[in-house]
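Participant:
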Amino acid sequence: MHSIGILANCYCHFGRVDFGFSLLGKRLKLGYFLDSVIFNTLINGYIHCDKLPQAAILLDQIVKLGFQPTIVTFGAMVKGLCKIGDNAAALRLLTKMRSGGHCKPNLVIYSTIIDSLCKDRLLKEGLDLFSTMKTQGIKPNVVTYTSLVRGFYNSGCPDQAKHLLTEMLENNITPDVNTYSMLVDMFCKDGDVDEAQVILQLMIERGVTPNIITYNALLDGYCLRGQIKDAKKLIDIMHQKGCEPNRVSFTTMVNGYCKVRNTDKALKIFHEMFQKGMTPDVVTYTTLIDGLCKASRLPLALNLFKEMQTHGVIPNVVTYSSLVDGLCRNAGLGEAVAILKDMEDKGVKPNTVTYNIIIDSLCEVGQLEDAAKFFSELISKGLQPDCKTYGILIKGFCKKGLMDEAIQLLRKMEEDSCSADDCVYNVIIRGYIHNDDLPNALHYSDVMVSNGFEADAHTFSLFVGLMCSGNLSESSKDLLQKFLE
DNA sequence: GTAGGGTTAG
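Quick note on the working numbering: the first sequence kicks off at 73 and runs consecutively.
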């Protein structure tokens, strides 16, 4: 009975819930009773392959058969709700469990929702639930803390993340391999590979063995800094330690070579994957397609796009967006629009990033009206422009000297609770300088500084150039002198 | 035998 349960679980994790059901039949034939464990396995199987509605139907049928959902059933359903992004529904289910019923929420249920809230950057809500859980007498463990630390770090609150990590240690909760891997990953993404190395050493000293996730995070850290040699060395170390590089490791290397503009080496690694019996997935293909597009090797990229589909790998929104970018740059808007249509025909929905790519290309070549058309299309599709969308459009307006429009967008961007970053301010300031509007250039420099940013080298050199040009009135010169000082 | 935290692409 247990063997059949284990096998059913395996199939469910491979996305074959149908085989799970066959095994349920087998179990009955063998004369075993059905129990909640096998039902939970199937429900969880549906949730694993994003079929929450089917999971709910099955649960309903099970209840009609007279089985009570267990805490594990609730755990799976809560995860399912979080997975589709419905935190509110997950919280409602939690409340329902608390107020009535035989299953009170436990550590797993709370940790699942806290993790989901953190991933959606709802940090306050995450912390609130964390407090609630503690007041209910449920002690957080290493899983709960790891989710919180990662969430705060990824949302740009490193101090709070550090605070939570300290709190965890003070509560005598020992970091495990996932906690250390997260720290390695965070330092790498910050560009501090040395500190990541220190963490790796530390975990080994403390008897926690790094796994493939730890190594892959570090590998990516090297690749992000263009340290391909170090990345290669790490691959060797992984072999030595018996932690065989996997598809993600190879994809990371492909990306590393693409980012240092060595597409030949990237292609070589890609072919090695086949020799090693590893099948590239959609991420591998997309990485390479993007790299080839950026290296203006468009025919090769398009070939690969066909090849992936003959291998049964289905392009997703990232794949299409990479191609749209490549086509905009190398073949023109017409081709890009054609692929956009192909994408929608295949049922792949463009997202904000896809539109940002098109709008950026159009702004680059000065076709602001077309850019505005795509901006409206983005809105009409119910998508949200993000900070990048505004930044791209502002840059487009500045390039044409349409400063009033640029400032209008800056306001709209802030209304949309997107805060302008240093790039946006620098673009605006340079726009005013090019328009011979020094007072406004200086005004926005002040605004930028008061927001905690600085002029970049490009902007600064424009100011210096202006100072030396001799075209300034005495009063302007004074203003600029004061600013530069 | 069943539920929670993991690395890669635009």
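For glycine and all other residues, C-beta sits at the position ideal for the given N, C-alpha and C.
Note that this is a predicted model, so its numbers are computed, not measured.
1. Exposed or buried, what is S452 when buried is set at 16 or more other beta-carbons lying within 10 Å of its beta-carbon?
2. Going by C-alpha distance, which of I186, D192, E197, N226 is nearest V214?
3. The alpha helix (DSSP H) spanning C540 covers which residue range?
4. What is the DSSP secondary structure of E379, reduced to helix, strand or coil?
5. Under 6 Å Cβ to Cβ from C330, same chain only, skipping five residues before and after it: list those, please.
6. Is it the case that the stretch 221-228 contacts the stretch 178-193, given that we only count it when at least three CB pairs across the two stretches are under 8 Å?
7. Please classify D362: does DSSP put it in a helix, a strand, or coil?
8. For L199, which residues of its own chain have a beta-carbon under 6 Å away from its beta-carbon, when the five flanking residues on both sides are left out?
9. Below 8 Å, how does it come out for the stretch 268-275 and the stretch 229-246: are there three or more Cβ pairs, yes or no?
10. Kindly indicate which three-state DSSP category N243 falls into: helix, strand or coil?
11. Rounded to the nearest angstrom, what separates K471 and V499 at their Cα positions?
12. Please report the Cβ distance between L563 and L465, rounded to the nearest whole angstrom; I am assuming they are in contact, meaning their Cβ atoms lie under 8 Å.
13. For R319 versus D292, is the C-beta distance shorter than 8 Å?
14. Need the endpoints of the alpha helix (DSSP H) that V256 sits in, please.
15. Looking only at its chain, what residues have a beta carbon closer than 7 Å to the beta carbon of C84, apart from the 5 residues adjacent to it on each side?
16. Shortest alpha-carbon distance to H383 belongs to which of F346, L236, A403?
17. To the nearest whole angstrom, what separates the beta carbons of G473 and N523, a pair I think is in contact under 8 Å?
18. Please work out which residues of its chain come closer than 6 Å, Cβ to Cβ, to A233, disregarding the five sequence neighbours upstream and downstream, and give them in chain order.
19. For E526, name the three-state secondary structure that DSSP assigns.
20. To which residues of the same chain is L179 closer than 6 Å at the C-beta, ignoring the five residues directly before and after it?
21. Report the three-state DSSP secondary structure of V28 (helix, strand or coil).
22. Note down, in chain order, each residue of its chain lying with its Cβ closer than 7 Å to the Cβ of T358, except the 5 sequence neighbours on either side.
23. Out of curiosity, what's the CA-to-CA distance linking R401 and I431?
24. Rounded C-beta distance between I181 and F146? I'm assuming under 8 Å.
25. Pull up the distance between the alpha-carbon of Q299 and that of S433, whole angstroms please.
26. How many Å lie between C208 and R170 at the Cα?
27. Where does I307 sit, in a helix, a strand or coil, going by DSSP?
28. Given a cut-off of 8 Å on the beta-carbon distance, is the pair I505 and L544 in contact?
Facilitator: Result, derived from the coordinates:
1. exposed
2. When each option's Cα is compared against that of V214, the closest is I186.
3. 529-541
4. helix
5. A338, G363
6. yes
7. helix
8. none
9. no
10. Note: N243 maps to coil in three-state DSSP.
11. Going from the Cα of K471 to the Cα of V499 covers about 9 Å.
12. Residue 563 lies beyond the range of the chain shown here (73 to 557); nothing can be said about it.
13. no
14. 249-261
15. Listed in chain order, the non-local C-beta contacts of C84 below 7 Å within the same chain comprise G92, T113, L114, N116, G117, H120, local neighbours out to five positions each way being set aside.
16. That would be F346, whose Cα lies nearest to the Cα of H383.
17. The Cβ separation is near 24 Å, so there is no contact.
18. Contacts found: V221, F224, Y225.
19. coil
20. Excluding positions up to five away in sequence, the list reads I210.
21. Past the edges of the chain, shown from 73 to 557, lies residue 28, and the structure says nothing about it.
22. V390, T391, S394
23. 12 Å
24. Going by Cβ atoms, the distance from I181 to F146 rounds to 6 Å, so yes, they are a contact pair.
25. Their Cα atoms are separated by approximately 30 Å.
26. According to the sequence displayed, residue 208 carries Gln and not Cys. Their Cα atoms are separated by approximately 10 Å.
27. helix
28. no
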